[in-house]
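Take a look at the structure below.
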Amino acid sequence: MHIEQVTIDADSIALDGVLWLPENHIGVVLFASCGGGNRVKPPTDYVASVLRAARLGTLWMELLTSAERSMRGTVADIGKLAGRMQAACEWLRQHQATRGSPIGLFGASHAAAAAMQLAAGQGARIAAVVSRGGRTDLMEPATLTRIVAPTLLIVGSLDDGVIAQNRTAYAALHCRKRFEIIPGGTHSFDEPGSLEVIARLARGWFLRYASTAERHL
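The numbering of the sequence shown is this note's numbering, which starts it at 3 and goes up by one.
As structure tokens, then:
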């Protein structure tokens, strides 16, 4: 396993990240976070470990600086978050170890909305998207219609508001798509067994699409 601490220039600032690459990886998934600077985040770390066991590389990236996280409204600036995710994708496309690898996006809540917005502007350059409790209400309906990357929406059955938002988003998507509701799941998915289900769904989605994407990224 190759593990590399990285710094990615985005929006005139330097953002921290960690790249994990299994031997003979078949793709790489960007895990974007806007919730804090701790690199060990149990929900994200568990899902990422399941993907790595399936030979999918992962890049964890914190989208906001500590100062920005304390500024009201910054986390809801989906355009800013999407722009920084785009910088990470460009970094992956240029990095020697990941150049030519299919790129998938995994995001939760606001980061999920940013991932979908980025996918809408990237066309086939994004292999697949997985949204966990995505705040799709922050996106314009017309943006959703432009997404061509296969998109998996995952929500918890107890997350009523987000379920409704994701149903609307799902109806607007014209790409390959899937909508999964996790029984007993809340927005944070900290209930026993929820993360295992999310990891299984994400692994299946990325293996199906992130290993068969066009190689001329």
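Virtual Cβ for every residue (Gly too), placed ideally from N, Cα, C.
Start-to-end residues for the alpha helix (DSSP H) that takes in residue i
i    : result
S133 : No alpha helix (DSSP H) holds S133; the beta strand (DSSP E) holding it covers 130-134.
A144 : 143-147
Anticipated Cβ contact below 8 angstroms, residue i with residue j, distance rounded
i    : j    : result
S159 : G186 : 6 angstroms
G106 : A126 : About 13 angstroms separates the two Cβ atoms, so there is no contact after all.
C36  : H112 : 6 angstroms
A117 : A34  : 7 angstroms
Q119 : T145 : 6 angstroms
A12  : A89  : 3 angstroms
L197 : E182 : Their Cβ separation, rounded to whole angstroms, is 14 angstroms, which puts L197 and E182 out of contact at 8 angstroms.
L53  : F208 : 6 angstroms
I28  : L58  : 6 angstroms
I184 : V164 : About 12 angstroms; that fails the 8 angstroms criterion.
Continuous beta strand (DSSP E) stretch holding residue i: start and end
i    : result
F181 : 179-184
G187 : Looking at the DSSP string, G187 is not in any beta strand (DSSP E), and its letter there is neither H nor E.
Three-state secondary structure assigned by DSSP to residue i
i    : result
D192 : coil
E64  : strand
V49  : helix
D162 : helix
D13  : coil
E6   : strand
P44  : The pLDDT assigned to P44 is 47, lower than 50, so where the model puts this residue is not dependable; a value taken from the coordinates is nonetheless given after this. Three-state DSSP puts P44 in a helix.
I28  : coil
L21  : strand
V150 : coil
A1   : In this structure the chain extends from 3 to 219, so residue 1 is not present and cannot be described.
A55  : helix
A69  : helix
A201 : helix
G39  : In this prediction, G39 has a pLDDT of 42, which is less than 50 and means its spatial position is unreliable; nothing more can be read from the coordinates.
Best match in the options for proximity to residue i [C-alpha to C-alpha]
i    : options              : result
L65  : R54, V49, G85        : G85
G102 : N26, V132, W62       : N26
V132 : V30, T188, V77       : V30
A122 : R134, L155, M141     : M141
A115 : R95, A90, L83, I128  : L83
E6   : V20, I15, A12, A16   : V20
V150 : A174, N168, G163     : A174
Y211 : L61, S14, V52, L154  : L154
L94  : I200, V199, T9, T188 : T9
I128 : A16, S213, L23, S14  : S213
T138 : R71, A50, E70, A78   : A78
V49  : G81, F108, H176      : F108
Q70  : Q124, G59, I15       : The sequence shown places Glu at residue 70, rather than the Gln named in the question. Per the Cα distances, I15.
K179 : H4, T147, S51, M3    : T147
C177 : P152, P104, A166     : P152
L17  : M63, D47, L32, S190  : M63
Would you list, in sequence order, the uninterrupted alpha helix (DSSP H) runs of no fewer than 4 residues that lie entirely inside the region 72-129? Correct list: 80-96, 112-124.
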